[in-house]
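Number of protein chains: 2
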Amino acid sequence: MPKVTVTSSDVARLARVSQSAVSRSFSPGASVSDEMRRRVFAAAQELGYRPNAIARAMISGRSRLIALLVAYLDNHFYPLVLEQMSRALQARGYQVLMFMTDLGSQDSVVQKMLQYQVEGIVMASATLSSTLARECAATGTPVVLFNRYDPSTPTSSVTSDNLEGGRQLAHLLADGGHSRIAFIAGHEDSSTSRDREAGFCKGLAERGLPLFARHVGGYTSAGAAAAARTLFDGRTPPDAIFVANDHMAFAVMDVLRRDLGLRIPRDVSVVAYDDVPEAAWAAYDLTTVAQPCEAMVEATVAILLEQVEQRAVQRRAAVLPARLVLRGSARLPEKPAG
Amino acid sequence: MPKVTVTSSDVARLARVSQSAVSRSFSPGASVSDEMRRRVFAAAQELGYRPNAIARAMISGRSRLIALLVAYLDNHFYPLVLEQMSRALQARGYQVLMFMTDLGSQDSVVQKMLQYQVEGIVMASATLSSTLARECAATGTPVVLFNRYDPSTPTSSVTSDNLEGGRQLAHLLADGGHSRIAFIAGHEDSSTSRDREAGFCKGLAERGLPLFARHVGGYTSAGAAAAARTLFDGRTPPDAIFVANDHMAFAVMDVLRRDLGLRIPRDVSVVAYDDVPEAAWAAYDLTTVAQPCEAMVEATVAILLEQVEQRAVQRRAAVLPARLVLRGSARLPEKPAG
DNA sequence: TTGAAAGCGCTAACAA
DNA sequence: TTGTTAGCGCTTTCAA
Chain A
1 MPKVTVTSSD VARLARVSQS AVSRSFSPGA SVSDEMRRRV FAAAQELGYR PNAIARAMIS
61 GRSRLIALLV AYLDNHFYPL VLEQMSRALQ ARGYQVLMFM TDLGSQDSVV QKMLQYQVEG
121 IVMASATLSS TLARECAATG TPVVLFNRYD PSTPTSSVTS DNLEGGRQLA HLLADGGHSR
181 IAFIAGHEDS STSRDREAGF CKGLAERGLP LFARHVGGYT SAGAAAAART LFDGRTPPDA
241 IFVANDHMAF AVMDVLRRDL GLRIPRDVSV VAYDDVPEAA WAAYDLTTVA QPCEAMVEAT
301 VAILLEQVEQ RAVQRRAAVL PARLVLRGSA RLPEKPAG
Chain B
1 MPKVTVTSSD VARLARVSQS AVSRSFSPGA SVSDEMRRRV FAAAQELGYR PNAIARAMIS
61 GRSRLIALLV AYLDNHFYPL VLEQMSRALQ ARGYQVLMFM TDLGSQDSVV QKMLQYQVEG
121 IVMASATLSS TLARECAATG TPVVLFNRYD PSTPTSSVTS DNLEGGRQLA HLLADGGHSR
181 IAFIAGHEDS STSRDREAGF CKGLAERGLP LFARHVGGYT SAGAAAAART LFDGRTPPDA
241 IFVANDHMAF AVMDVLRRDL GLRIPRDVSV VAYDDVPEAA WAAYDLTTVA QPCEAMVEAT
301 VAILLEQVEQ RAVQRRAAVL PARLVLRGSA RLPEKPAG
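So the sequences go chain by chain: A and B. FYI, the numbering used here numbers position 319 of the first sequence as 319, with every residue one higher than the one before it. FYI, the numbering used here numbers position 188 of the second sequence as 188, with every residue one higher than the one before it.
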């Protein structure tokens with residue numbers, strides 16, 4: 001087997017130039033003559049030279065690695081985010097180092113990230129432990145929370161306007177003539193779920209309605225299904241349900257239609273939040289609030305790279321507008337809501 | 001701002017030992033006394049030392065980075081794979097470097113991977129260009145194709161038994177009394193789609209049936225929907241459809257039921273392949289062939305790491321058994337198929 | 001513009 | 001078991 005790693009020195013030798021000349025030829029914006037660059041590239045080509053990003057990272061202190069922490073990919077919203085985030089970062093010359101939280105092991109995962117000298121961290125996972133936020137701050141590694149925030153730490157975040165989205169949903173249901181309106185939450189400690197609920201309750205209050213019932217679905221299909229059953233256990237069932245995200249709403253709709261024999265929206269309206277692709281599928285046709293996924297990703301990348309490249313760690317909290325998407329799963333008001 | 005990077009020399013100085021003693025203390029299985037390790041860890045703790053994985057990778061030639069190339073995450077099968085693969089690799093001390101193919105730019109993406117000195121590559125994307133396979137071979141970087149194979153290159157691969165899965169589906173439909181059985185393919189150049197079709201046709205032939213019709217869905221919802229419409233354009237429509245994967249099948253079912261007013265399985269049976277979570281949703285209740293996702297991931301990791309760790313690049317092609325999952329989208333035979 | 005030289009933080013011989 | 005020493009492949013001064 002021939003020598004498998006070609007180094008800049010090998011190229012330099014062949015091109016009869018110094019090793020640093022090779023380095024410069026591969027550094028955009030370095031001071032090299034065209035002639036030099038041509039010679040170097042020719043030699044590099046001949047040898048199949050490829051700069052070693054690890055060595056470059058080591059000496060320059062810039063790994064161009066961004067850690068992406070995700071908790072679970074069941075909810076289709078996250079794969080979409082992952083895909084777009086990865087593309088956006090690649091386009092700017094960064095690579096994504098993926099990390100799945102193993103729930104308990106969040107801290108050790110962050111250790112691993114920092115060991116790899118990532119230049120920034122995107123957390124699209126549950127909640128950020130404050131130990132962890134402190135650790136990142138200590139190393140000066142920028143962190144952006146995606147689709148959640150944590151007021152107890154000075155960490156940047158990007159969310160959609162969950163409060164306003166929840167509020168609009170409340171108006172829609174109230175104006176649609178519903179009176180027993182229930183909510184199925186994600187997690188109690190999820191800022192996203194809390195905000196959606198808060199906005200929803202505010203919207204109901206504005207229409208003089210109380211929240212009729214409330215259960216926690218835990219962001220899982222099984223949890224949501226159980227919550228739905230409980231909701232219909234008593235003598236007076238709800239006539240509308242707001243489910244904290246689309247992923248849970250599908251499970252809820254399945255229970256309502258198959259197990260309870262209800263028709264949607266005739267017997268009960270269902271609305272949710274995210275607008276994942278499945279929400280548009282004919283079988284669900286779910287009225288929901290669309291998260292501006294692409295804009296959220298762009299904002300995340302912009303904030304993160306601003307901090308990475310300027311090494312200025314100033315907190316930013318982007319809240320992007322969400323948009324109500326009317327489909328067939330909820331009875332509509334006679335006239336559009338005011 | 002205090003010095004932000006703590007090195008092994010800093011720890012050594014504080015612990016009054018040599019720098020290599022620090023290195024050893026952090027290397028599992030190195031020859032260090034308990035006493036030494038204790039002192040080193042104490043000092044490390046005090047300073048907040050964290051070994052630099054980049055420097056380690058550089059000197060040892062082992063980055064512990066595995067590149068994962070994915071094309072699109074629309075099909076929910078891939079996020080699931082991604083999640084499991086990432087966990088499996090993390091558990092073995094490797095990290096996943098994510099790459100999304102931008103279709104045309106597959107080659108440059110592989111350049112990037114190699115620049116980062118990844119120790120292995122998993123390709124869960126369309127097809128592998130042979131240029132690219134050659135390049136990887138040249139650097140001695142092991143590659144495993146996930147859920148596809150390429151007979152023209154000596155690259156390892158992991159798939160489920162697509163031939164047999166297709167065959168069983170054919171038997172199921174034939175024995176269920178269908179006679180006009182159609183197929184909606186993924187891509188013509190996808191080994192997976194080709195094998196499923198080949199097995200399917202074989203199974204039909206074994207029951208004395210021809211393939212009634214055939215269209216290409218291109219693995220997208222829109223493509224599949226269009227294919228479904230075309231299928232029902234003529235005067236004699238099919239009475240059963242095998243769709244190359246679940247993701248397309250959902251779109252097909254939506255078209256059949258909503259646009260064409262057909263009932264499933266009464267008017268037409270639909271079967272597919274993958275068994276993504278949505279296939280079990282009440283609204284689709286899709287009869288499908290389950291890919292053994294976890295086993296496929298395990299096999300991929302095993303083959304890849306075997307090659308990585310033994311530096312022996314011998315081709316392996318794992319074909320794992322798939323399992324028919326009977327649900328409500330296809331009319332069943334009176335008696336189980338023989 | 002170019003080359004020489006000094007490391008980045010670490011592991012891995014080799015001695016002691 | 002421990003310390004000394006020599007790099008890994010590269011970027012970045014500093015002189016020329």
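Cβ atoms here follow ideal geometry from the backbone N, Cα and C, with glycine treated the same way.
Can you check whether the C-beta of residue i is within less than 8 Å of a C-beta belonging to chain A?
{"i": "Gln307 (chain B)", "result": "no"}
{"i": "Phe250 (chain B)", "result": "yes"}
{"i": "Val122 (chain B)", "result": "no"}
{"i": "Pro79 (chain B)", "result": "yes"}
{"i": "Met98 (chain B)", "result": "yes"}
{"i": "Gln291 (chain B)", "result": "no"}
{"i": "Leu320 (chain B)", "result": "no"}
{"i": "Asp254 (chain B)", "result": "yes"}
{"i": "Gly140 (chain B)", "result": "yes"}
{"i": "Ala272 (chain B)", "result": "no"}
In this structure, does DSSP put residue i in helix, strand or coil?
{"i": "Leu145 (chain B)", "result": "strand"}
{"i": "Ser25 (chain A)", "result": "helix"}
{"i": "Arg16 (chain B)", "result": "coil"}
{"i": "His215 (chain A)", "result": "strand"}
{"i": "Leu80 (chain A)", "result": "helix"}
{"i": "Phe183 (chain B)", "result": "strand"}
{"i": "Thr159 (chain A)", "result": "strand"}
{"i": "Arg229 (chain B)", "result": "helix"}
{"i": "Gly338 (chain B)", "result": "Residue placement at Gly338 (chain B) cannot be trusted, given a pLDDT of 45 that sits under 50; the coordinates are not used to answer."}
{"i": "Gly328 (chain A)", "result": "coil"}
{"i": "Ser269 (chain A)", "result": "strand"}
{"i": "Ala322 (chain B)", "result": "coil"}
{"i": "Gly165 (chain A)", "result": "helix"}
{"i": "Ile264 (chain A)", "result": "coil"}
{"i": "Gly120 (chain B)", "result": "strand"}
Here's the rule I'm using: 16 or more other beta-carbon atoms within 10 Å means buried, otherwise exposed. How should residue i be labelled?
{"i": "Glu119 (chain A)", "result": "buried"}
{"i": "Arg263 (chain A)", "result": "exposed"}
{"i": "Arg196 (chain A)", "result": "buried"}
{"i": "Gln307 (chain A)", "result": "buried"}
{"i": "Ala91 (chain B)", "result": "exposed"}
{"i": "Arg64 (chain B)", "result": "buried"}
{"i": "Ala138 (chain A)", "result": "exposed"}
{"i": "Asp254 (chain A)", "result": "buried"}
{"i": "Arg134 (chain A)", "result": "exposed"}
{"i": "Thr131 (chain B)", "result": "exposed"}
{"i": "Ile66 (chain B)", "result": "buried"}
{"i": "Gly186 (chain B)", "result": "buried"}
{"i": "Ala236 (chain B)", "result": "Here residue 236 (chain B) turns out to be Thr, not Ala, going by the sequence shown. By the neighbour-count rule (16 or more Cβ atoms within 10 Å), Thr236 (chain B) is not buried but exposed."}
{"i": "Ala222 (chain B)", "result": "exposed"}
{"i": "Val110 (chain B)", "result": "buried"}
Give the C-beta separation of residue i and residue j to the nearest angstrom, bearing in mind that I take them to be a contact with Cβ-Cβ under 8 Å.
{"i": "Tyr116 (chain B)", "j": "Ile54 (chain A)", "result": "7 Å"}
{"i": "Val252 (chain B)", "j": "Ala290 (chain B)", "result": "Contact doesn't hold; Cβ gap of about 19 Å is too wide."}
{"i": "Leu47 (chain A)", "j": "Val81 (chain A)", "result": "40 Å between Cβ atoms; not a contact."}
{"i": "Phe41 (chain B)", "j": "Ser18 (chain B)", "result": "Their Cβ separation, rounded to whole angstroms, is 16 Å, which puts Phe41 (chain B) and Ser18 (chain B) out of contact at 8 Å."}
{"i": "Ala339 (chain A)", "j": "Leu173 (chain A)", "result": "Because chain A in this structure spans residues 1 to 338, residue 339 (chain A) falls outside the shown range and cannot be described."}
{"i": "His215 (chain A)", "j": "Leu231 (chain A)", "result": "6 Å"}
{"i": "Gly199 (chain A)", "j": "Arg167 (chain A)", "result": "4 Å"}
{"i": "Leu211 (chain B)", "j": "Ile181 (chain B)", "result": "7 Å"}
Say whether chain B places a C-beta atom closer than 8 Å to the C-beta of residue i.
{"i": "Asn245 (chain A)", "result": "no"}
{"i": "Ile54 (chain A)", "result": "yes"}
{"i": "Tyr49 (chain A)", "result": "no"}
{"i": "Leu73 (chain A)", "result": "yes"}
{"i": "Ser63 (chain A)", "result": "yes"}
{"i": "Gln90 (chain A)", "result": "yes"}
{"i": "Ala337 (chain A)", "result": "Residue placement at Ala337 (chain A) cannot be trusted, given a pLDDT of 48 that sits under 50; the coordinates are not used to answer."}
{"i": "Gln19 (chain A)", "result": "no"}
{"i": "Gln314 (chain A)", "result": "no"}
Under 8 Å, with one C-beta from each stretch per pair, do the stretch 316 to 331 of chain A and the stretch 148 to 160 of chain A reach the 3-pair mark?
yes
Cβ contact (3+ pairs, closer than 8 Å) linking the stretch 287 to 300 of chain A and the stretch 139 to 155 of chain A
yes
Stretch-stretch touch, CB-based, cutoff 8 Å, three pairs: the stretch 162 to 172 of chain B with the stretch 193 to 209 of chain B:
Below 8 Å, enough C-beta pairs join the stretch 162 to 172 of chain B and the stretch 193 to 209 of chain B to call them touching: three or more.
Tell me whether the stretch 20 to 40 of chain A and the stretch 72 to 86 of chain A touch, counting them as touching only if at least three CB pairs, one residue from each stretch, are closer than 8 Å.
no
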